[in-house]
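Everything below concerns the one structure shown next.
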Amino acid sequence: RDTKGKNVLTKEHLVSAMELHGMIETEEIDTTDIEDYEGKKELFTFPDLCSAGGGSCVAYNPTDPICNCLVISVLRMWNYDLDMLQADDDLLSTLMRYGSREDLEGVLGNPVFDNNGMLQSAEAIQVTYFLADRSEVRNGNEVDPINEAWEEKVFLESVQDNEPSKSNIDVSYISTRSFSDEFGGAISGDLVFVQVSYIVAFIFLGATLGSRIACGKGSRWAMSFAALILVAASTAAGIGL
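So in my numbering the end of the sequence shown lands on 379, straight run, no missing numbers.
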């Protein structure tokens, strides 16, 4: 979307979106950089990993890799080709050929149409990329190292580098690994609070349980330590450790 929330269906904004797409499409990942990858050395780009699908280009070209990938966006009206976009002198008329009004509303943010149903502006455009499933089961866990590496090294790095201060578009994004990244980050950040809570609980229980302060039978500290051990054991059992 435009950094100021205005019309994004201008030549300069669409060119910026197309340039960002170009990075996402062509940037490579090297399998030697993937941790625990067991296959041979290979280089992959998005067309190598995408879900196959027709209709991604308005004028299908079998020799253009992106036309064989499942991608949903109005950028298809220019075959994801920057030169075609820059040569177009009537962007709105081109966009009207994308499909019905409902189709455009599905890929544009807050589109505005005139009384004749002609597209006038929009606050955002949406681009959706689909990857073919390459997941496998290792030690009882489902993993997809190649796709996850592409999402991290190509997709996420490309969109995160597109800072509003350097570009005329502001990018909001999400990927499959976003959930695990955010969840893992949240858990890592909370570990210190868990450790502190155990210390506080130990001191509290030591001050309230038992009949003796010193070590031995009925010791408050022995009682509190045993209580914490039970809590830790029940937590471990609950998550299957």
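Each residue gets a CB set at the ideal place from its N, CA and C atoms; glycine is no exception. Predicted model, so just to flag it, every value in this text is computed and none were measured.
task = Please report the residue range of the beta strand (DSSP E) in which Val-275 lies.
result = For Val-275, the enclosing beta strand (DSSP E) starts and ends at 274-276.
query = Near Gln-258, what residues of its chain come up, given a Cβ to Cβ distance below 6 Å and the 5 sequence neighbours on each side ignored?
reply = Taken in chain order, the residues that qualify are Val-250 and Asp-252.
message = What would DSSP say about Ser-372, mapped onto helix, strand or coil?
response = Secondary structure at Ser-372: helix, using DSSP grouped into helix, strand and coil.
query = What are the residues that DSSP puts in a beta bridge with Glu-280?
reply = Beta-bridge pairing links Glu-280 to Val-275.
Nearest residue (CA-CA) to Thr-147, options Tyr-218, Gly-177, Thr-232 and Tyr-175 = Rather than Thr, the amino acid found at residue 147 in this sequence is Leu. Checking every option, the nearest Cα to that of Leu-147 belongs to Thr-232.
inquiry  = Does Gly-247 come out as helix, strand or coil in the three-state DSSP assignment?
reply    = Correct three-state label for Gly-247: strand.
message = Looking at the secondary structure, which residues open and close the beta strand (DSSP E) in which Ser-211 lies?
response = Counting along the chain, no beta strand (DSSP E) covers Ser-211, and no H or E run does either.
Secondary structure of Glu-157, DSSP reduced to three states = When DSSP states are grouped into helix, strand and coil, Glu-157 belongs to the helix group.
ask   = If you drop the 5 nearest sequence neighbours on each side, which residues of the same chain put their C-beta closer than 6 Å to that of Ala-270?
value = Here the set comprises Ser-189.
key: CA-to-CA distance, Glu-286 to Ile-172, given in whole angstroms   = Computed Cα separation, rounded: 9 Å.
key: 7 Å CB neighbourhood of Arg-214 in its chain, flanking five on each side removed   = Closer than 7 Å at the Cβ level, and outside the excluded window around Arg-214, lie Ser-194, Cys-195 and Val-196.
query = Hey, quick one: how far does the alpha helix (DSSP H) through Gln-298 stretch, first residue to last?
reply = Boundaries of the alpha helix (DSSP H) harbouring Gln-298: 295-299, taken from the DSSP string.
ask   = Does the stretch 296-316 come close enough to the stretch 157-166 to have 3 or more Cβ pairs within less than 8 Å?
value = Yes, since at least three Cβ pairs between the stretch 296-316 and the stretch 157-166 fall closer than 8 Å, the two stretches touch.
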